[in-house]
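**Q** Quick one: structure below, then a few questions.
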Amino acid sequence: MSVTDDHFLELAAPGIRLLQPYQPGKPVAELEREYGIRDAIKLASNENPCGPSPLAVAAAQAVLQDIARYPEGGGHLLAQRLAEKHALSRECITLGNGSNDVLDLIARVFLTSGYTAVYSEYAFAVYPIAVQAVGAQARVAPAHDGSRGPAYGHDLAAMHERVDSGTRLVFIANPNNPTGTWLAKAELEDFIASLPAHVMVVVDEAYFEYVAHASYPDTSRWLERFPNLIVTRTFSKAYGLAGLRVGYALSHPAVANLLNRVRHPFNVNLVAQVAALAALDDHEHLDKSIRRNHEGMFQLLTGISRLGLDSIESAGNFLTLDTGRSGLEVYNALLQEGVIVRPLANYGMPQHLRVTIGSTDENTRFLEALEKVLP
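Numbering (our numbering), first residue to last: 136 to 510.
Put into structure tokens, the structure is as follows:
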């Protein structure tokens, strides 16, 4: 039987037909292979330059001899440890293969054709993918233009205007990726309190550990007051376990029960579970990662200012800068110098680049390369 690509496209679910997959940062090996470059650096995926906790590495190595066995399906020990960390019951926890997995679970549980989800312009790229994949409709609120709130930041009033009887989810990244902007406690709390009971609000706190602002909230403490709140966290950033894929959601037990109905068994593998458990105990390594991030942020801000470029104030482990020209052209020029960052044209920010806070040497190399490629 002879078929065309369009044949399979017609067989696909409606939400999949126009879906564009998530584009990860360019791998170092791919760049070196394509350009014949050695010793390239990657500052594109907001990874921790301190790497994983030595305790996590040791725990992962120790369990490798057991990988012929399936992991504990519900991740009981890790889930229990997370419940203790957040002073919640075990029934409030949903584990994920990274927090992206949890976001996808949430969309699958609460969205379908005929329902809508609300999120902000410049929000994390996984939200539109998760919404469209299940056939739901997105309502995108314009971000602040700088006149009433931080430029590029979430405009909660505009988001609220897009909530109606068909809305089932609101996604809020705090801090937001790729802008680094964040919402203060009072503003976010008032917004959640104003939502009708039929709307679930997801507060994505992937960069929670890096935030140093006194008014920044820990929304996991609000779950008792807001049963329609879901908080997501990850071990990929400050804990340095991006390659093992461990994330989780905190929610009302009835919500977690629904999420766990569609969660695949064994979605967090054995090595990831034990490494995450060990990482939670290594407070020294976490503190070092946060401290190094603050130092690196100052280094990049100083260097970018010296080059006469503007950046968006960031509470995460990355900085988004305005190149004043085609960001894609600057990105490609940096690739020639062996430096990988993230162009943001797909976010509607064609002049911007997002750069991860790296080690001191990596930050220096990025700034030197940036100065070299700018006209």
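Cβ atoms here follow ideal geometry from the backbone N, Cα and C, with glycine treated the same way. For clarity, every value in this text was computed on a predicted model and none was experimentally measured.
For R168 and A414, I'd like the C-alpha separation in whole angstroms.
**A** Residue 168 sits at position 33 when you count from the first residue of the sequence shown. Residue 414 sits at position 279 when you count from the first residue of the sequence shown. Spanning the two alpha carbons is a distance of roughly 34 Å.
**Q** Going by beta-carbon coordinates alone, are A271 and A258 separated by less than 7 Å?
**A** Sequence index remark: in the sequence shown, residue 271 carries index 136 (1-based). Sequence index remark: in the sequence shown, residue 258 carries index 123 (1-based). No; because the gap between Cβ atoms is not below 7 Å, this pair is not in contact.
**Q** Rounded to whole angstroms, what's the CA-CA distance from D236 to L318? Just pull it up for me.
**A** The sequence position of residue 236 within the sequence shown is 101, counting from 1. The sequence position of residue 318 within the sequence shown is 183, counting from 1. Those two C-alpha atoms are separated by around 24 Å.
**Q** Who are L456's beta bridge partners in DSSP?
**A** As a working note, residue 456 is residue 321 in the sequence shown. S446, L488, per the DSSP bridge assignment.
**Q** Where does L385 fall in DSSP's three states?
**A** Residue 385 sits at position 250 when you count from the first residue of the sequence shown. L385: strand per DSSP, three-state reduction.
**Q** List the residues that DSSP assigns as beta-bridge partners of R274.
**A** Residue 274 sits at position 139 when you count from the first residue of the sequence shown. According to DSSP, which records beta bridges pairwise, R274 is partnered with V253.
**Q** I need the DSSP call for V474, collapsed to helix, strand or coil.
**A** Translated into the one-based positions of the sequence shown, residue 474 becomes position 339. The answer is strand: DSSP assigns V474 an E or B state.
**Q** Beta carbon of V305, beta carbon of V261: below 7 Å?
**A** As a working mapping, residue 305 is identified with position 170 in the sequence shown. As a working mapping, residue 261 is identified with position 126 in the sequence shown. Contact flag unset, no.
**Q** Restricting to Cα atoms, I'd like to know which of E506, N428, S494, R368 is closest to A214.
**A** Here the question's residue 214 lines up with position 79 in the sequence shown. For the residues E506, N428, S494, R368, the minimum Cα distance to A214 belongs to R368.
**Q** What residue ranges within the segment 213-259 form continuous alpha helix (DSSP H) runs of no fewer than 4 residues, ordered along the chain?
**A** List check, alpha helix (DSSP H) in window: 234-245.
**Q** Quick check on DSSP: helix, strand or coil for R360?
**A** Sequence index remark: in the sequence shown, residue 360 carries index 225 (1-based). Coil.
**Q** My guess is that S180 and T437 are in contact by the Cβ rule of under 8 Å, so how many angstroms apart are they, rounded?
**A** Taking the sequence shown and counting its residues from 1, the one referred to as residue 180 is at position 45. Taking the sequence shown and counting its residues from 1, the one referred to as residue 437 is at position 302. At roughly 23 Å, the Cβ-Cβ gap does not stay under 8 Å, so S180 and T437 are not in contact.
**Q** Residues in the same chain with beta-carbon distance under 6 Å from P388, minus the five sequence neighbours each way, listed in chain order, please.
**A** The residue labelled residue 388 in the question sits at position 253 within the sequence shown. These residues qualify, in order along the chain: E226, C227.
**Q** Following the continuous alpha helix (DSSP H) through V269, name the residue where it begins and the one where it ends.
**A** Within the sequence shown, residue 269 is the residue found at index 134, counting from 1. Neither: V269 is in no alpha helix (DSSP H) and is coded neither H nor E.
**Q** So for D496, helix, strand or coil by DSSP?
**A** Position 361 of the sequence shown, counting from 1, holds the residue named residue 496. Helix.
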